Amino acid sequence: MRAEQRTYRAEGLILRSREYSEADHLLTILTRERGKIGAIAKGVRKPSSRLRAGTQVLTHSQLLLSTGRNLHVVTQAEPVELFQGMQGQFDRYAYASYMAELVDRFTMEQGGSDLFVLLLTCWHLLTGYRPALVARLFELRLLLHLGYAPDLAACGHCGRPLQRETGVDEVWFSRDHAGLLGRCCAAGLPGRERMMENTWSFLRYLATMDPRDVGRLRVGAAVMAQATAFLQGAIRFRLEGTLRSWAVLDALCLVDSNEEN
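Using our numbering, the first residue of the sequence shown is number 93, and each one after it goes up by one.
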């Protein structure tokens with residue numbers, strides 16, 4: 093009975109992998125059932141290992157695990173989805189890695205199970221749609237899930253409703269400040285930038301749209317750049333730091349408004 097309790101099945105997304113001892117890998121996995129866990133895939137670096145396919149980074153797998161003193165141990169791993177649409181497409185792969193890093197940084201051990209469907213959905217979207225657009229959707233939905241999303245309807249400082257549609261107000265933001273600001277509070281804020289109306293509309297639509305409709309969106313360079321700066325500024329504010337993936341994405345110039353699906 094005790095042995096049965098120590099073994100369990102889980103559906104997992106492989107977020108991260110690093111070498112551990114001579115033939116093993118230490119994995120970070122987001123599971124549907126238990127949230128984020130650390131697990132060892134023993135002998136996975138051997139050519140004959142049956143675990144190899146199901147423990148690759150950015151793979152959706154069905155797993156059989158056993159609980160150890162400090163780490164879980166992967167005893168079986170069957171891939172459900174290898175996301176072939178990202179294979180050989182380095183831009184798509186880089187964005188999927190970025191999403192995995194975001195989940196890893198924002199979640200504690202055994203937390204984040206509610207992010208499983210979001211991450212899986214966006215990995216699927218990456219195989220067929222514009223990567224930068226899917227990334228903006230993921231960033232905003234992640235912040236919403238965690239309760240960290242900036243208020244898109246009110247000034248983040250005084251709470252006054254933003255009413256740009258009627259011409260009553262202007263909407264501002266700072267790359268170093270999490271949230272939108274009305275003209276009432278933006279004055280004197282270092283590094284402030286006026287948000288374009290199209291950017292504001294784009295962000296509000298991302299917050300509520302059906303993710304399956306992402307392929308219908310057409311977003312220009314200026315709007316995409318401003319939305320990226322705003323969302324990544326909010327992420328930086330919450331994490332109090334940067335992400336490794338940002339340097340990779342910037343170096344590859346992946347935020348390209350002319351990129352086709």
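Heads up, the beta-carbon is just placed ideally off N, CA and C, and yes, glycines get one too.
Since we're looking at a predicted model, the values are computed, not measured.
For residue i: DSSP bridge partner residues
i: Gln154; result: Glu103 and Glu170
i: Thr199; result: In DSSP, Thr199 forms no bridge with anything.
i: Ile121; result: Ile106 and Ile129
i: Leu272; result: Phe265
i: Glu111; result: His117
i: Pro253; result: Ala246
i: His164; result: Ala131 and Thr159
Residue j beta carbon less than 7 Å from that of residue i
i: Ala102; j: Leu174; result: no
i: Val195; j: Leu212; result: no
i: Tyr190; j: Ser293; result: no
i: Leu244; j: Arg296; result: yes
i: Ala188; j: Met178; result: yes
i: Val340; j: Ala186; result: yes
i: Val172; j: Ala131; result: no
i: His237; j: Leu218; result: no
i: Glu262; j: Leu323; result: no
i: Lys128; j: Gly204; result: yes
i: Leu309; j: Leu225; result: yes
i: Trp264; j: Arg286; result: yes
i: Arg222; j: Thr159; result: no
i: Arg304; j: Cys276; result: no
Burial state of residue i, where buried means 16 or more other Cβ atoms lie within 10 Å
i: Glu332; result: exposed
i: Gln318; result: buried
i: Val260; result: Summary for Val260: the model assigns pLDDT 48, below 50, so the residue's position carries little reliability, and this model does not support an answer.
i: Leu272; result: buried
i: Thr300; result: exposed
i: Gly104; result: buried
i: Leu344; result: exposed
i: Arg142; result: exposed
i: Val209; result: exposed
i: Pro242; result: buried
i: Ala278; result: buried
i: Ala169; result: buried
i: Ala313; result: exposed
Alpha helix (DSSP H) segment containing residue i, residue limits
i: Thr291; result: Glu289 to Thr300
i: Val136; result: Note, Val136: premise wrong, no alpha helix (DSSP H); not H, not E.
i: Arg336; result: Arg336 to Ala343
i: Phe230; result: Pro223 to Leu238
i: Gln324; result: Ala313 to Leu331
i: Leu371; result: With the chain represented from 93 up to 353, any question about residue 371 goes unanswered, as that position is not in the structure.
Residue of the options minimising C-alpha distance to residue i
i: Ser113; options: Gly283, Leu107, Ile106 and Lys134; result: Lys134
i: Leu163; options: Glu201, Pro282 and Asp342; result: Glu201
i: Leu107; options: Thr147, Arg126 and Glu262; result: Thr147
i: Gly274; options: Gly283, Leu235, Pro282 and His249; result: His249
i: Leu281; options: Thr291, Met288, Arg267 and Glu289; result: Arg267
i: Ser109; options: Arg137, Gly283, Val315 and Gly177; result: Arg137
i: Gly325; options: His216, Leu150 and Arg284; result: Arg284
i: Phe198; options: Leu335, Leu344 and Asp305; result: Leu335
i: Ile121; options: Leu150, Arg142 and Ala313; result: Leu150
i: Ser140; options: Gly307, Asp116, Tyr100 and Glu111; result: Asp116
i: Ala321; options: Gln176, Arg144, Arg161 and Thr291; result: Thr291
i: Asp183; options: Ala145, Arg144 and Ala227; result: Ala227
i: Arg330; options: Val306, Tyr240, Ala313 and Gly180; result: Tyr240
i: Ile327; options: Val306, Cys214, Leu235 and Asp342; result: Leu235
i: Val315; options: Gln181, Met288 and Gly307; result: Met288
i: Gln111; options: Arg124, Glu125 and Arg144; result: Gln is not the amino acid found at residue 111; the sequence shown has Glu there. Checking every option, the nearest Cα to that of Glu111 belongs to Arg144.
i: Ser153; options: Arg161, Arg124 and Gly180; result: Arg124
i: His216; options: Cys247, Gln176 and Ala246; result: Gln176
i: Cys214; options: His269, Asp302, Tyr100 and Ala246; result: Asp302
i: Tyr100; options: Arg126, Gly307 and Leu119; result: Arg126
Limits of the unbroken beta strand (DSSP E) element including residue i
i: Arg284; result: Arg284 to Arg286
7 Å Cβ cutoff, residue i in contact with chain E
i: Leu174; result: The structure shown contains no chain E; it is built from a single protein chain.
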